[in-house]
Amino acid sequence: MTPSADALAHAETDGDDRLLRADEPLAGLQLRCGGTLPGAIAIPALAALVVRARRLGLRFARAIAAQDGAEAIRAWVEIGPRADGEPGCAIAVRQWHGTPLAAEDGATGHDRRFEIDRALAELTARLDARQHLLAVESASPELAPLLAAMRGGLGRPWTDFLHIRGEHHRLPMHWRLLDGASVGIDGSPRQWTARLLPLPRPHATPAGFELFLCAQTPQEPALPSVPGAERLFGRELASALGGPIARIIARAETIRARLAGPLDEDYVRYAADIAAAGEHLMSLVTDLADLEVIEAAGFTTVAETIDLGDLARRAAGILGGRARARAITLLVPPDSVQCPAHAEFRRVLQVLLNLVGNAIQYAPDHSTITLSLARQGERACVTVADEGPGLSAEQQVKLFTKFERLGRAGDGGSGLGLYISRRLAQAMGGDISVASTPGEGARFTLEIPAAA
Amino acid sequence: MAYDPVMGVGEPTVRAGAAERLLDGLAEGEAAAQAIAPMLRLRLGHAETGLFDEAVIAGIRGMLRDLAEQLLADAGDAPREPALDALERLLSARPGLLDHLHALALEARAAERLQARLRLDPVVSPLLQALIAAPEPETAAAAMHLLAAEARFLRQQQQMRLPVAELPAELFDAVLDAARGAADVPDDAQAVAHLPGIRAAYDEAATRIALADRLVVAMGAGAVAAGSLAHAGVPLFLAALSAATGEARGVCVLALQPGQGARLALLLRKAGVKREVVQASLLLVDAPPALVEAIAGISPAAAAAMLAGSTTVREPAR
């Protein structure tokens with residue numbers, strides 16, 4: 072078994088055990104393990120072997136195991152002195168087998184999530200079996216008031232000190248219902264997630280709990296503010312993620328449409344799920360980018376002369392397909408009706424798409440959505456009326472809050488749409504209002520400055 | 002009793018090195034003292050094990066002598082026996098070497114037992130035959146080399162010999178180092194003049210153990226076929242078991258010995274070998290029926306956990 076040219080790949084190291092050059096697949100593994108080429112060997116099993124082979128000046132032949140996050144790799148490598156007599160080793164790879172890494176089993180993944188949450192928690196507390204506070208720790212200045220309140224209220228239920236979102240049940244609640252709940256904290260602009268870890272661990276009746284509060288958005292790093300330099304992370308994110316996500320959606324659609332050949336029905340459904348999740352992700356990324364733009368200090372819109380009637384018809388036309396799929400009728404003002412206004416064309420269209428899109432999403436099948444126009448003094452108004460379940464007074468108040476989902480989860484919304492729409496309307500000198508009675512549908516009205 | 006003022010406790014005048022020597026001596030004695038009870042049980046015959054049979058001990062002695070003779074060339078002028086004895090002592094003090102030789106002796110005995118009782122061909126197993134017929138020329142060639150190496154190994158074991166070049170690289174380096182140490186008297190330089198040549202010619206890839214390991218890697222996911230002792234034969238079985246469990250080869254060899262059925266069963270389950278195949282292999286090594294029954298309910302994870310609690314001293318995993 073002498074070194075020969077028929078190996079899968081060759082590589083060479085120097086006297087400091089750095090990889091000087093390597094063929095694929097070794098080169099790719101080196102990079103995926105976080106190494107560079109040339110550079111220190113980033114594959115632990117190979118590095119250990121190379122060091123030994125160089126020190127002893129002997130020819131080694133061993134199996135090595137490695138993984139790169141996606142695959143577990145087993146390879147057979149032969150390592151010996153370099154043929155040119157220079158210090159370092161020559162490596163020949165003779166076998167290479169990659170197997171996809173098994174997904175973490177549920178229990179391990181569950182434990183790991185807790186480890187992560189514990190590490191990220193900005194407030195931790197020990198609770199007794201009735202979820203009453205025993206001890207509280209937090210180093211976050213943002214949570215200092217909560218910490219003080221909780222320390223002053225040891226022995227009371229932890230839920231007394233913050234607001235559990237979407238919570239209409241009577242407390243105390245079973246811990247499983249509270250674990251993962253979204254909570255609001257007075258004095259903190261951020262949304263928080265509560266995690267409850269029962270103690271002791273196997274699942275008998277818990278004798279107590281660990282409580283973690285993890286922020287849903289990371290703490291803003293206290294960067295020195297540079298005038299004029301706006302953080303446009305969302306914009307960068309959107310441009311960086313747009314391409315890959317679009318590819319995911321396109322590929323999933325290809326599979327779903329069976330363009331690449333016949334496919335089992337289950338897999339078609341999976342592909343549809345992937346495409347839908349991709350579209351959700353895409354809209355979330357776009358929303359975040361929009362949010363950042365409209366929240367930036369210098370955000371302005373262009374005041375063009377537009378026809379609100381034309382825009383209402385366009386929005387209905389764009390979403391007509393989605394409405395038809397639910398057998399929803401979209402009623403729009405006839406072409407003859409015009410309603411001139413001063414606002415930015417594409418921003419108004421964006422707001423209308425959001426309003427009509429929401430209406431379609433929450434209205435029942437076979438119902439009607441009506442878009443109507445009105446002029447009230449200096450105001451041009453367009454109203455989107457649906458026959459959905461309507462909104463309570465309390466919901467109407469919360470509706471325009473950032474990330475507000477009104478307890479709806481898993482329907483593909485980001486909780487940003489209405490917030491962004493209202494900010495856009497306000498930036499154009501207008502507003503959005505809602506009128507609704509539960510059970511009788513909702514009417515969303517966009518008003519903007521009217522033109523002569 | 003009067004205290005010697007020089008050696009008094011806390012005296013700063015203790016001669017350098019004296020304390021060290023005493024501690025070393027104490028540690029040596031400690032090792033022997035700890036071995037008393039287990040050795041007595043073995044010699045009284047109260048421990049059911051073939052691990053220290055006369056034949057096994059003789060085999061290890063023979064291999065040590067053979068290694069010493071390869072390392073120390075006959076210089077012709079001085080009587081060679083004392084130098085060889087001295088080198089043997091140095092060799093047996095090298096960490097890992099005696100473990101390795103012991104494992105080789107046990108492995109050969111396991112192969113003999115399977116041949117005698119079950120008519121398993123100790124050299125050409127069904128799996129090795131299949132590998133020799135493999136479409137990949139590299140795999141087929143390695144399989145042919147393993148066949149030849151295994152036949153050589155069994156013959157050498159009968160003769161209680163072991164070529165230096167068959168040692169794994171670390172042990173090869175260690176024994177060469179020991180030989181230089183034994184011969185650091187200038188007169189003996191001639192006795193070790195051949196060592197650089199042996200060193201330059203060494204290629205671990207040509208060793209029997211590496212050939213088997215390499216074939217297991219070459220089989221990829223197919224290596225599961227080597228989980229059956231009857232199908233794989235001893236060397237491929239050991240290589241596959243060690244690779245799949247991460248346990249040292251020596252631990253796997255131990256598992257093939259009489260009375261070690263539980264270890265074998267757990268290792269095979271840890272490796273993910275199917276229950277029926279585990280049970281078939283257990284029957285080959287005469288494991289008690291209760292054990293064969295018991296292993297059926299053990300999951301791979303449970304087997305791994307039980308093995309992790311075992312206090313068997315392991316040589317560092319290769």
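Chain order of the listed sequences is P and H.
Mapping the first sequence onto the numbering used here, position 434 (from 1) lands on 505, and the numbers just tick up by one.
Mapping the second sequence onto the numbering used here, position 184 (from 1) lands on 185, and the numbers just tick up by one.
No residue lacks a Cβ here, since even glycine has one placed at the ideal position from N, Cα and C.
Could you name the residues of the same chain whose beta carbon sits closer than 8 Å to that of residue 192 of chain P, not counting the 5 residues immediately before and after it, in chain order? Once the five neighbours on either side are set aside, the close Cβ partners of residue 192 of chain P are 266, 283, 284, 285.
Exposed unless 16 or more other CB atoms sit within 10 angstroms - verdict on residue 404 of chain P: With 16 or more Cβ atoms within 10 Å of its Cβ, residue 404 of chain P is classed as buried.
Please tell me whether residue 287 of chain H has its Cβ less than 8 Å away from any Cβ of chain P. It does not; no Cβ of chain P falls within 8 Å.
Could you have a look at residue 273 of chain P and say whether DSSP puts it in helix, strand or coil? Because residue 273 of chain P carries a pLDDT of 49, less than 50, the predicted location of this residue cannot be relied on, and no value is offered for it.
Going by beta carbon distance, what residues of the same chain come within less than 6 Å of residue 398 of chain P, once the five residues before and after it are set aside? Once the five neighbours on either side are set aside, the close Cβ partners of residue 398 of chain P are 436, 437.
Name, going along the chain, the residues of the stretch 164-181 of chain H whose beta-carbon falls closer than 8 Å to a beta-carbon of chain P. Correct list: 170, 171, 173, 174.
Helix, strand or coil at residue 285 of chain P according to DSSP, with G and I counted as helix: Assigned with DSSP and collapsed to three states, residue 285 of chain P falls in strand.
Helix, strand or coil for residue 101 of chain H, going by three-state DSSP, please let me know. Of the three classes helix, strand and coil, the one that applies to residue 101 of chain H here is helix, per DSSP.
Extent of the continuous beta strand (DSSP E) to which residue 357 of chain P belongs: Premise fails: residue 357 of chain P lies in the alpha helix (DSSP H), 336-366, not in any beta strand (DSSP E).
Using only CA atoms, which one of P:231, P:487, P:83, P:168 lies nearest to residue 203 of chain P? Ranking P:231, P:487, P:83, P:168 by CA distance to the CA of residue 203 of chain P puts P:231 first.
Extent of the continuous beta strand (DSSP E) run through residue 133 of chain H: For residue 133 of chain H, there is no enclosing beta strand (DSSP E); the enclosing alpha helix (DSSP H) has its first and last residue at 127-133.
Going by DSSP, which residues form a beta bridge with residue 199 of chain P? Answer is P:279.
Report yes if the C-beta distance between residue 158 of chain H and residue 230 of chain H is below 8 Å; otherwise report no. No; because the gap between Cβ atoms is not below 8 Å, this pair is not in contact.
Touch test, the stretch 338-352 of chain P against the stretch 380-396 of chain P, Cβ-Cβ under 8 Å, three pairs minimum: The stretch 338-352 of chain P makes no contact with the stretch 380-396 of chain P; the number of CB pairs closer than 8 Å stays below 3.
Quick one: which residues of the stretch 98-132 of chain P get their C-beta closer than 8 Å to a C-beta of chain H? List them in chain order. For the stretch 98-132 of chain P, the residues whose beta carbon sits under 8 Å from a beta carbon of chain H are, in order, 123, 124, 127, 128, 129, 130, 131, 132.
State the beta-bridge partners of residue 229 of chain P as determined by DSSP. Answer is none; residue 229 of chain P lacks a bridge partner.
Quick check: what's the CA-CA separation for residue 146 of chain P versus residue 94 of chain P? Between residue 146 of chain P and residue 94 of chain P, the C-alpha separation is close to 14 Å.
Does the count of Cβ pairs from the stretch 114-126 of chain P and the stretch 189-203 of chain H closer than 8 Å reach three? Judged by pairs of C-beta atoms under 8 Å, the stretch 114-126 of chain P does not touch the stretch 189-203 of chain H, as fewer than three such pairs exist.
In its own chain, which residues sit with a C-beta less than 8 Å from the C-beta of residue 208 of chain H, not counting the 5 before and 5 after it? Taken in chain order, the residues that qualify are 150, 166, 167, 168, 169.
Contact list for the stretch 190-209 of chain H against chain P, Cβ threshold 8 Å: Residues of the stretch 190-209 of chain H with a Cβ closer than 8 Å to any Cβ of chain P, in chain order: 200, 203, 204, 205, 206, 207, 208.
Quick check: is the beta carbon of residue 138 of chain P nearer than 8 Å to any beta carbon in chain H? For residue 138 of chain P, the answer is no, since every Cβ of chain H falls outside 8 Å of its Cβ.
Apply the 10 Å Cβ neighbour rule to residue 89 of chain H and answer buried if 16 or more other Cβ atoms are within range, or exposed otherwise. Around the beta carbon of residue 89 of chain H, 16 or more other beta carbons lie within 10 angstroms, which makes this residue buried.
Grab the span of the beta strand (DSSP E) containing residue 452 of chain P for me, first residue to last. Counting along the chain, the beta strand (DSSP E) containing residue 452 of chain P begins and ends at 450-456.
Examine the Cβ distances between the stretch 218-235 of chain H and the stretch 25-45 of chain H and report whether three or more of them are shorter than 8 Å. Per the Cβ contact rule, the stretch 218-235 of chain H is not in contact with the stretch 25-45 of chain H (fewer than 3 Cβ pairs under 8 Å).
Is it buried or exposed for residue 434 of chain P, if we count other Cβ within 10 angstroms and need 16 for buried? The residue is buried, with at least 16 neighbouring Cβ atoms inside 10 Å.
At the 8 Å Cβ level, is residue 248 of chain H part of the contact set with chain P, yes or no? Closer than 8 Å: no.
Could you work out which residues of chain H lie near residue 511 of chain P, taking near to mean beta carbons separated by less than 9 Å? Contact note: residue 511 of chain P does not reach chain H at a C-beta cutoff of 9 Å; the least C-beta distance is about 58 Å.
Taking only beta carbons into account, state which residues of the stretch 207-240 of chain H come closer than 7 Å to chain P, listed in chain order. Within the stretch 207-240 of chain H, those residues whose Cβ lies closer than 7 Å to any Cβ of chain P are, in chain order, 207, 211, 214, 215, 218, 219, 221, 222.
Grab the span of the alpha helix (DSSP H) containing residue 471 of chain P for me, first residue to last. Where residue 471 of chain P is concerned, there is no enclosing alpha helix (DSSP H), given that its DSSP letter is neither H nor E.
Just to make sure I have the definition right: I need the residues of chain H whose C-beta is within less than 9 Å of the C-beta of residue 170 of chain P. Which are they? Result: 221, 222.
Reduced DSSP secondary structure (H/G/I, E/B, other) of residue 185 of chain P: Under the three-state reduction of DSSP, residue 185 of chain P is assigned to helix.
Simplified DSSP assignment, three categories, for residue 378 of chain P: Annotated three-state conformation of residue 378 of chain P is strand, per DSSP.
Residue 444 of chain P beta carbon less than 8 Å from that of residue 419 of chain P: Not closer than 8 Å, so no.
Is there contact between the stretch 248-268 of chain H and the stretch 171-184 of chain H, where contact requires at least three CB pairs shorter than 8 Å? Put simply, the stretch 248-268 of chain H does not touch the stretch 171-184 of chain H. Fewer than three CB pairs are less than 8 Å apart.
Is the CB of residue 134 of chain P under 8 Å away from at least one CB in chain H? Residue-level contact check: residue 134 of chain P touches chain H, since one or more beta carbons of chain H fall below 8 Å from its beta carbon.
So, with DSSP's three-state summary, where would you put residue 447 of chain P? Looking at residue 447 of chain P - three-state DSSP - the assignment turns out to be strand.
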